[in-house]
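Chains as they are written, first to last, in full-length UniProt numbering: chain F, 1 to 326; chain Z, 1 to 326; chain G, 1 to 326; chain U, 1 to 326. Virtual Cβ for every residue (Gly too), placed ideally from N, Cα, C. The structure presented is a predicted model; accordingly, all values stated were derived computationally and were not measured.
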């Protein structure tokens, strides 16, 4: 998997083989909150994330199954919303590889040396076509647990804290034109389309991934005219039963539940959506399905199928699900 | 994700991005059985696989969550064991890419055009360093369900059959020298080492993957002196509870249980191992954990930790677990 | 547990221990269906009940965890609804004991010798205060499995059929005046009130039991003016996860889902409600809680609590839940 | 269900009808521990019980699903073992009813007025035929939660603490002669035999109940010649998955696991057995099955069936399981 360099074999223009840049996985997300204390209490005590750092207006958090220093940054801001999303590339040289590609394709970007962000190496930053700030990097500091589990592959001891949020799973962002967004993320960044909700007027939602997950990134239609908005961030729970227990806790806590528990046909997600105190929607997610083959044929839900795509089982989604983004 | 070629913009050395050959995912396995009828009954009625084809002495089967024509071939033979394992590569041109690499590295291999195997495209075949027959390919025929599920991403209708074996998950093979095997699979085929059981005399087991799974391929020490042997093939079950129900069925059926239900520290596997009627060990597996980052540090179990690596909870493994391979 | 008579040892008043008649447990229910074939297919193939007998317009069914010849009778009729409910008494002599009590209290009733109903012994029949036909008996024939499970306490072999309906759990009937119904079932039949939904205008629902279950019988307010109506019959599923799998099957089958999956605050029920083809509502139920002590204080949900009583989590209940009974 | 008193209708010797005394349910247990601090830490922090009182050398604890002031008393003592077991009777007058019966049957006993024990009313105490101290009572103080759950029927708020021990489920005691013990508990105390492990030399274990549980009390053969010993106390966990999570915690904590997770054929118990720091065996239990009918036929495991009775699935039980009692 390492990049290889072949020696030139002729006197013709030197050919250097470099590995094709790949976005490898979602790494972390920055979320803006106008209620930083309440949000922090929710993400730590209720969801069970663990604070590892504070800097400026930001608190850095990691989940019980995450070995990186953080997967979630809570940053105080006037309005809730997406600070940025950060993705890891497949090889160290691909940060520069993406910069080269972006130069070729005319994508405005900025390359900064490691150290410009807490725990993060050389970083390429840019803004997506619908206003979402994005970073690409390879190097990241590992979390070293203070009290190591006897289960060496797990960065926390049992019992895992809070409702059991294990790791950041995916993001769902919005775009005015989902078809254009889909094409940009697939053509420019190399995402694979996994599922789509399609109407004669174009896609109203697309679910894409760079990993074997059915989605690392979803994009849903935004009728508001605003840019760079977030529909939700999602954390993984180990089992459907864990999610039902989480629901008990949310009801007890008085956490506003937007929808669920229920199951989407789309992505086979067993879901519950809540609003964290800062106003951002957070999904707790279990289920889904892996896509291991490289030759997946996207699942297209259209016509009469769309109803089952949205709710496979569980109550109908509320209007807020389709109108509220941050 | 296709390889792209950027045009040179200067007279400086031309940069050519090439698609580095990657083994992308485990696709299927051929298992030899001296009791083909009994094995077929077990794999279909009990495990719930679905027969899609017969040819020669072989029956082709797929799991309830698999879109390929088959993931499992049962082939009548005098002795149980591994027929071959077959892996999909990341891009169509990588079958040829691997052939080029093998030529460079002196690995004996054979390249055959599509059609030489049922449902499978151009195929590169070779034998691994400890005698395991292996195939690499990209193109494979998709399974088209006769009675489609309303859940469009699922190739069978609910309720899924048998105990719910959803897909082939991983293989566990044996080698006389695990250190050598580990190095070959990582250096030549590009597997990433995820976990290992290490003694002062070398590794006694290694767990490696090319996907985000904690293991697609495990190799355990074989003291028998024989080559090309199989420890077990493993199918994924959706949840731990599904596995407990499977255990009920195995007991009722009189299926010989080798070990479990229990949990290994290694890979966090919630497991049960049984012997199918032909004598091969089959694992039903749930749990594990995903590795999404490209920079995983292998988990090394050694010294006093090895006990928990082998059995995190559940009864001790029987001697047969360490002595019987096929 | 049989009544014993102690001999007087002094000239003081003689003490006689008597076996106070007790309704001991819900035993079976007869359901009317205008679509007997479709209903039978649903109760057997989908729910997994097992047919043991046919007689007249009736088919007799039992669940995978039931040792009696039947718990459910499907009877062809012009309209869906409740045929009758049948309860077992604590001791053989209590059939006559209840007849004596009914005579004392002026409850119209009929006593018939064993053999008047398939598999059932001496039977006392009467109609409840809101029109529900009811039977009391002690003796009942046991189901003798043809292919016994190795798990001797289970009357079927693994895997259990269909979605896993294990046993009839409870009934929910309707009454014009719930307060009067509650008082009659507690005062006359000895039910214990476990939970109630209470308004200033009286109870709108009561949940009562004679066993350690939180409810064997629920009564909800019926605004229709009709008598003898059924809100739903409920079967027990082993776990919440079993119920989620059942939901998958109902969606696939196109079974109309009235509500759920979700959880009521009332009784802690994890529920899904569907309509069987004959039009009767059927609940699949898991969870709840046992009441082992004899001194339970009824849980009263009123005022602002009623919302959580009805839906603890899950989508809001549809209007049909409150308006459709059969 | 209230006891009724009929007035004498003649001038002949006065007859007083009273309800037949019934042992209604297991209420609490007192456990001796030579390591009171360590035991308390285990029962509270790990199991999740809640301390409600201290008195003398005893600490009083209740589970997350228990409405009584306590279900478990930890009492410092030189040796681990059973202090006493305490059962609730069905009606207030049955404490006196049992005293009357014991007088008739020549069972030595002591009747004490309420207040002699914390939170407990009038109490009849006696020692069973194999040395187990036992109490019968009706009145008991209710636990009033300081921070009430919105789920009114649950005495604690979500998330429930520790591993989720919800309530004391049953006791398993030992006797030199199980046949004699079985007969005494059924004939004198009215327990119903539910299951037995039977050899030509007599029963080696019996599982009996007074509730709809498959066992409230088990008695196993004790070859030690000692009296009044305890094999284990058992707490209920909501689901099998909860028990698997508990196993993770026990391994992490270093709690000695005696056996499991596994499933007995006997009682269909999904179990794990650990030793609490004081040396007593504690079972965490899920599954089982309810017995609602009054006419249960005991399940007898004998001959070749006994193996499956002991271990349905899971590793073989260790010798300690059969030799260690306290």
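Is residue 166 of chain F buried or exposed, if buried means 16 or more other CB atoms sit within 10 Å of its CB? That one is buried.
Only counting runs of 4 or more residues, tell me where the alpha helix (DSSP H) segments fall wholly within the stretch 105 to 151 of chain G, in order along the chain. DSSP runs (the alpha helix (DSSP H)) wholly in the stretch 105 to 151 of chain G: none.
Name the residues in the stretch 145 to 175 of chain Z whose C-beta lies less than 9 angstroms from a C-beta of chain F; which are they? Those residues of the stretch 145 to 175 of chain Z that come within reach of chain F (Cβ to Cβ, closer than 9 angstroms) are 150, 151, 152, 153, 154, 166, 167.
Does residue 265 of chain F have its Cβ less than 7 angstroms from a Cβ in chain Z? Cβ-Cβ to chain Z under 7 angstroms: yes for residue 265 of chain F.
Under 7 angstroms by beta carbon: chain G residues contacting residue 306 of chain U: Result: empty, since nearest Cβ-Cβ is about 11 angstroms, beyond 7 angstroms.
Report the rounded CA-to-CA distance for residue 92 of chain Z versus residue 205 of chain F, giving the unit in angstroms. Spanning the two alpha carbons is a distance of roughly 29 angstroms.
For residue 250 of chain G and residue 315 of chain F, the rounded distance between their alpha carbons: When rounded, the distance between both Cα atoms is 14 angstroms.
Using 7 angstroms as the limit for Cβ to Cβ distance, is residue 20 of chain U near chain G? So yes, residue 20 of chain U belongs to the interface.
So if I threshold CB-CB distances at 9 angstroms, which residues from the stretch 230 to 245 of chain G count as touching chain F? For the stretch 230 to 245 of chain G, which is checked against every Cβ of chain F, the residues closer than 9 angstroms are 239, 240, 241, 244.
Determine the direct distance from the alpha carbon of residue 148 of chain F to that of residue 246 of chain Z, and round the result to whole angstroms. Going by the C-alpha atoms only, they are around 33 angstroms apart.
With the cut-off set at 7 angstroms, would you say residue 284 of chain U and residue 243 of chain U are in Cβ contact? If you check the CB distance, residue 284 of chain U and residue 243 of chain U come in under 7 angstroms.
Residues near residue 256 of chain Z by beta carbon distance below 7 angstroms, same chain, minus five either side: Answer for residue 256 of chain Z: 274, 275, listed in chain order.
Helix, strand or coil: how does DSSP classify residue 290 of chain G here? In this structure, residue 290 of chain G counts as strand in the three-state DSSP scheme.
How long is the line joining the alpha carbons of residue 23 of chain F and residue 288 of chain G, rounded to whole angstroms? Those two C-alpha atoms are separated by around 47 angstroms.
Min CB distance residue 98 of chain G to chain F below 7 angstroms: False, the Cβ-Cβ gap to chain F never drops below 7 angstroms.
Does DSSP put residue 302 of chain Z in a helix, in a strand, or in coil? Strand at residue 302 of chain Z.
Residue 145 of chain U burial status per 10 Å Cβ neighbour count (16 or more: buried): Residue 145 of chain U comes out exposed.
Opposite residue 32 of chain F in the DSSP bridges: which residues? According to DSSP, residue 32 of chain F bridges with F:75, F:81.
Which of helix, strand or coil DSSP assigns to residue 240 of chain U: Taken through DSSP and simplified to helix, strand or coil, residue 240 of chain U comes out as helix.
What residue range does the beta strand (DSSP E) around residue 274 of chain G cover? Run containing residue 274 of chain G: 269 to 275, per the beta strand (DSSP E) assignment.
I think residue 140 of chain F touches residue 50 of chain F, with their Cβ atoms under 8 angstroms apart; what is that distance to the nearest whole Å? The Cβ separation is near 16 angstroms, so there is no contact.
Contact belief for residue 194 of chain U with residue 178 of chain U at Cβ below 8 angstroms, rounded distance in angstroms: No, residue 194 of chain U and residue 178 of chain U are not in contact; Cβ-Cβ is about 14 angstroms, not under 8 angstroms.
Stretch-stretch touch, CB-based, cutoff 8 angstroms, three pairs: the stretch 76 to 87 of chain G with the stretch 30 to 49 of chain G: Taking 8 angstroms as the limit for Cβ pairs, the verdict is that the stretch 30 to 49 of chain G does touch the stretch 76 to 87 of chain G.
Going by alpha carbons, who is nearest to residue 137 of chain G out of G:150, G:143, G:117? It is G:117.
Residue span of the alpha helix (DSSP H) that contains residue 180 of chain Z, given as start and end: Per DSSP, residue 180 of chain Z belongs to the alpha helix (DSSP H) from 178 to 187.
Between which residues of its own chain and residue 188 of chain Z is the CB-CB distance below 7 angstroms, once the five residues before and five after are set aside? Taking residue 188 of chain Z as the centre and dropping the five residues before and after it, the same chain places the C-beta of 105, 107 closer than 7 angstroms to its C-beta, in chain order.
Between residue 248 of chain U and chain F, is there a C-beta pair that is closer than 7 angstroms? Closer than 7 angstroms to some Cβ of chain F, the Cβ of residue 248 of chain U qualifies, so yes.
Between residue 251 of chain G and chain F, is the shortest Cβ-Cβ distance under 7 angstroms, so that the two count as touching? It does: the Cβ of residue 251 of chain G has a partner Cβ on chain F nearer than 7 angstroms.
Can you give the beta carbon distance from residue 164 of chain F to residue 238 of chain F, rounded, assuming they're within the 8 angstroms contact cut? Going by Cβ atoms, the distance from residue 164 of chain F to residue 238 of chain F rounds to 6 angstroms, so yes, they are a contact pair.
Let me check one thing: in DSSP terms, what residues is residue 172 of chain Z bridge-paired to? Within the DSSP secondary-structure output, residue 172 of chain Z pairs in a beta bridge with Z:218, Z:232.
Apart from the five residues on each side of it in sequence, which residues of its chain come closer than 8 angstroms, Cβ to Cβ, to residue 310 of chain G? Hits under 8 angstroms: 197, 264, 265, 266, 317.
Please report the distance separating the alpha-carbon of residue 69 of chain U from that of residue 120 of chain U. Cα-Cα distance, rounded: 9 angstroms.
Between which two residues does the alpha helix (DSSP H) holding residue 319 of chain F run? The continuous alpha helix (DSSP H) containing residue 319 of chain F extends over residues 319 to 323.
Span of the beta strand (DSSP E), counted from its first residue to its last, around residue 14 of chain G: Under the DSSP assignment, residue 14 of chain G falls in the beta strand (DSSP E) whose first and last residues are 14 to 18.
Report yes or no: is there a C-beta of chain Z within less than 7 angstroms of the C-beta of residue 315 of chain F? At a cut-off of 7 angstroms between C-beta atoms, residue 315 of chain F does not count as an interface residue with respect to chain Z.
With burial defined as no fewer than 16 other Cβ atoms inside 10 Å of the residue's Cβ, what is the status of residue 319 of chain G: buried or exposed? So residue 319 of chain G counts as exposed.
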